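**Q**
Number of protein chains: 2
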Amino acid sequence: MGMGEFMTETRQNLLPAVEGPGPHHGSVPVGRHGPPDGQEAAVILERARTSVDPELRRAVESLPGSMRRIALYHFGWQHADGTPAAANAEKAGKAIRPALVLAAAGALGGHRATAVRAAAAVELVHNFTLLHDDVMDRDTTRRHRPTAWAVFGDADAVLAGDSLQALAHRLLAEDPHPASSAAAARLASCVVELCAGQHADTAMERRCPDDITLDEVLAMAEAKTGALLGCACALGALYAGADDADVEALDAFGREAGLAFQFIDDVIGIWGDPRRTGKPAGADLMARKKSLPVVAALASGTPAGAELAELYRVPYRDGDLGRTILAVERAGGRDWAQAQAAERMARALDHLSRAVPDPEEAGGLLSLAEFVTRRNT
Amino acid sequence: MGMGEFMTETRQNLLPAVEGPGPHHGSVPVGRHGPPDGQEAAVILERARTSVDPELRRAVESLPGSMRRIALYHFGWQHADGTPAAANAEKAGKAIRPALVLAAAGALGGHRATAVRAAAAVELVHNFTLLHDDVMDRDTTRRHRPTAWAVFGDADAVLAGDSLQALAHRLLAEDPHPASSAAAARLASCVVELCAGQHADTAMERRCPDDITLDEVLAMAEAKTGALLGCACALGALYAGADDADVEALDAFGREAGLAFQFIDDVIGIWGDPRRTGKPAGADLMARKKSLPVVAALASGTPAGAELAELYRVPYRDGDLGRTILAVERAGGRDWAQAQAAERMARALDHLSRAVPDPEEAGGLLSLAEFVTRRNT
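So the protein sequences, as listed, match chains G and F. By the numbering used here, the letter at position 53 of the first sequence is numbered 53, and the numbering carries on one by one without gaps. By the numbering used here, the letter at position 24 of the second sequence is numbered 401, and the numbering carries on one by one without gaps.
(1) CA-CA distance, G:Q165 and F:R700?
(2) Below 8 Å, how does it come out for the region 554-573 of chain F and the region 187-194 of chain G: are there three or more Cβ pairs, yes or no?
(3) Relative to the alpha-carbon of G:T147, which residue among G:H74, G:R68, G:A339 has its alpha-carbon at the smallest distance?
(4) Distance check for G:A103 and G:A237, CA to CA, integer angstroms please.
(5) Specify, as a first and last residue, the run of the alpha helix (DSSP H) that G:V314 falls within.
(6) Between F:H546 and chain G, is the shortest Cβ-Cβ distance under 8 Å, so that the two count as touching?
(7) Please work out which residues of its chain come closer than 6 Å, Cβ to Cβ, to G:A168, disregarding the five sequence neighbours upstream and downstream, and give them in chain order.
(8) Answer with yes or no whether the minimum CB distance from G:E248 to chain F is below 8 Å.
(9) Going by C-alpha distance, which of G:L235, G:A234, G:A196, G:G230 is nearest G:V217?
(10) Buried or exposed: G:A245, going by 16 or more other Cβ atoms within 10 Å of its Cβ?
(11) Is it the case that the Cβ atoms of F:E417 and F:S744 are separated by a distance below 8 Å?
(12) Determine the extent of the alpha helix (DSSP H) in which F:S755 is found, giving its start and end residues.
(13) Would you mind listing the alpha helix (DSSP H) stretches within the region 549-611 of chain F that are 4+ residues and don't spill past its ends, in chain order?
(14) Roughly how many angstroms separate the alpha carbons of G:D215 and G:V295, rounded to a whole number?
(15) From F:L507, F:W526, F:G709, F:E551, pick the residue whose C-alpha is nearest to that of F:E684; which is it?
(16) Who are the Cβ neighbours of G:P209 in its own chain at under 7 Å, not counting the five residues just before and after it?
(17) Can you list, in chain order, the residues of its chain with a C-beta nearer than 8 Å to that of G:L194? Leave out the 5 residues immediately preceding and following it.
(18) Does the beta carbon of F:L440 sit closer than 8 Å to a beta carbon anywhere in chain G?
(19) Using a Cβ cut-off of 7 Å, pull out every chain B residue sitting near F:C585, in sequence order please.
(20) Counting only Cβ pairs nearer than 9 Å, list the residues of chain G close to F:Q542.
(21) Between G:P54, G:R97, G:S51, G:A150, which has its C-alpha nearest G:A234's C-alpha?
(22) Applying the 10 Å Cβ sphere with the 16-neighbour rule, what's the burial state of G:D81?
(23) From F:R751 to F:A658, what does the alpha carbon distance come to, in whole angstroms?
(24) Give the secondary structure of G:P359 by DSSP, where H, G and I count as helix, E and B as strand, and everything else as coil.
(25) Let me check understanding here. Comparing Cα to Cα, which of G:A337, G:H351, G:L285 lies closest to G:G319?
(26) Mind pulling the chain G residues with CB within less than 7 Å of F:E599?
(27) One question on the structure: do G:A160 and G:L172 come within less than 8 Å of each other, judged by their Cβ atoms?
(28) Under DSSP, the alpha helix (DSSP H) around F:G646 begins and ends at which residues?
(29) List the residues of chain F that G:T225 touches, going by C-beta distances under 8 Å, in chain order.
(30) Quick check: what's the CA-CA separation for G:M220 versus F:R731?
(31) Could you name the residues of chain G that F:Q575 contacts, counting a contact when the two beta carbons are closer than 7 Å?
(32) Using Cβ-Cβ distances below 7 Å, what residues of the region 127-150 of chain G are close to chain F?
(33) Buried or exposed: F:R583, going by 16 or more other Cβ atoms within 10 Å of its Cβ?
(34) Measure the alpha-carbon distance for G:A85 versus G:R143 and round it to whole angstroms.
(35) Apart from the five residues just before and just after F:L440, which ones in its own chain have a Cβ nearer than 7 Å to its Cβ?
(36) Are the Cβ atoms of G:A382 and G:R112 separated by less than 8 Å?
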């Protein structure tokens, strides 16, 4: 169960429900250009990366040498030996959060260009949490490369993360835009929520799986993944000069879309193609992670759920991966997660339509929301 | 070599030079109340704690439960089991940084009360770095209690530190004072410098002692300890509406005073009374730490320096502590550190007198600078 990082998946439709017939089934309203497809989202993401990267890069380049080196590696701009790396989205991540900031600003009638610093700040916060989470979770691979701590050690990865958090706040503090202080306060509160979410996640991993409730794991996923997507959308709204109600609606939109994403991410973590996810097949199950489908399966009261609990009681043994996957599926974990993803998407669109009733104006946000739950490249 | 934390020392005059006759020997100009003594500093620190604690506590209380618990423990407001602890300065630290913010604001003609949030923000940043540094340095004791990571684990201590950094930035983002954005940008830059300093420190500990130059260890001490004291003074000046030159002079004052403090701290770490420092005698030497007197001794080109290098080449063996202490002393490490402390204090006072020529107006800052280098309780 990753920290909301977007893996490489090509047009693997894991969520037929979100393409259903009506808005309450989670489908996306049709705008001028027809239903948003992966192509449109790819264009939006590429445009966001083009706008935000120079700001992001300038911030990282301002770091003292020791911190700069780690940050440049983490962002995929340098190899571990300090030589320049060819920029590509796979190494740098998908820029979904900056794209949400810019799209939200545009949807609420603001100018995308004025929100570029806020977008870079959100991306810096995201990457600060990735650096720290990888240390805590002992994850050795991120974006198909060794994680920063695996290359530079724990201390340096933590310090580089600390520096990126500071850079995020500095970008906003130096931004003359009238919304920058409100945005900074909101981003700081979001960081606190992200920390609480990561705490809940690591604490849960140490607990007996049978003791964990669905409510707990949902709250954790909202704090860990939903909060920053919500904050990204809220910052865009703030920069567009939106009123409180619209800012909160955009936050709720991003949170629900983030939860929808997390459900899909957990499904892919179990049933996705390892050649596309870049992770070994069933890694989360072998590590006995309490992902959303797993907790749902454990709480199902079914014989398959009981079998899963039995399997999870002991560390992974060679050969029981197939049985584990099957148990989650038979206990309804996969169906539930997919239905939840569709439900969260429906709620997300509901929130969005309150702030931005015109589907054409909401187009960019819709494409991005669709993208994160369809998981096109 | 601690991260600028003030240990409990009672009127142990380790630095006769700073009490010399003239300003160029580092003595303190005489104000209306005669030369500042520990008593005056104690009053200033106590008053700062009284002003800032409610703001600090409100910020910490706003954290979600999991993060709040760790922060309350770290600040000495709760025991590890979550029961309230009697507040006392020994557990909460000496509030030297908030006191510098308030004193600097006052010295530059501002109102102390308006700078309380900035003072709390600086204290939050200081405590965020303590939480993280203790994890990296594997320090098990802080303020006479087990460190947060020793009680709650590494991940939670890192997350609580992350949360405190975020709280610091939120306090400034929510502060309507016209200087708050400039202060936030400056504090964020300071965090980056603190991280680079901590990186240099941990990297140095892994290197062969003979390869480390005095310049390197001085730069590290300035980044790790001087930067935040300088930032505290600069923030006070900003909140008083001071011009750029005065803000920079106050920053330089704090930096030099911070370096003076670090020299004294390192001297105490070797020759201080363990009953007063709260650390085992010679702990830094036994851990083969490259403190300022040690690096100076190693670089001295004396027979004692060579003997010290020999001792430092291997891990601590029972019985060689006495020889190690003597080697540092005979190689001139102690004398050099004390002379450097005096020199730094003289420079600090020089910077201060440019921005605040009237010793009476500078009184609070002078008392605090004197305090950190005399190390009264």
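The beta-carbon is built from N, C-alpha and C at its ideal position, and this holds for glycine as well. All values reported here derive from a predicted model rather than from experimental measurement.
**A** So, from the data block:
(1) 45 Å
(2) no
(3) G:H74
(4) 9 Å
(5) Run containing G:V314: none; DSSP gives neither H nor E here.
(6) yes
(7) A121, L124, V125
(8) no
(9) For G:V217, the nearest C-alpha among the options comes from G:A196.
(10) Under this definition G:A245 is an exposed residue.
(11) Judged by beta-carbon spacing, F:S744 lies within the 8 Å limit of F:E417, meaning their Cβ atoms are closer than that value.
(12) A question about residue 755 of chain F goes unanswered here, because the residues of chain F that appear run from 378 up to 754.
(13) 557-582, 591-598
(14) When rounded, the distance between both Cα atoms is 10 Å.
(15) F:G709
(16) K290, L298, A309, Y312
(17) V125, T129, A223, K224, A227, L228
(18) yes
(19) You won't find chain B in this structure, because its protein chains are G and F.
(20) D162, Q165, A166, H169, A188, V191
(21) G:R97
(22) exposed
(23) 20 Å
(24) G:P359: coil per DSSP, three-state reduction.
(25) Restricting attention to G:A337, G:H351, G:L285, the CA atom closest to the CA of G:G319 is found in G:L285.
(26) Those do not exist, as F:E599 stays about 12 Å from chain G at its closest Cβ, beyond 7 Å.
(27) Taking a C-beta distance under 8 Å as the contact criterion, G:A160 and G:L172 do not qualify as a contact pair.
(28) Run containing F:G646: 621-648, per the alpha helix (DSSP H) assignment.
(29) Going along chain F, no residue has its Cβ under 8 Å from G:T225, so there is no contact; the nearest lies around 16 Å.
(30) 53 Å
(31) L159
(32) Hits within the stretch, in order: H132, M136.
(33) By the neighbour-count rule (16 or more Cβ atoms within 10 Å), F:R583 is not buried but exposed.
(34) So the alpha carbons of these two residues sit roughly 14 Å apart.
(35) A448, S540
(36) Because chain G in this structure spans residues 1 to 377, residue 382 of chain G falls outside the shown range and cannot be described.
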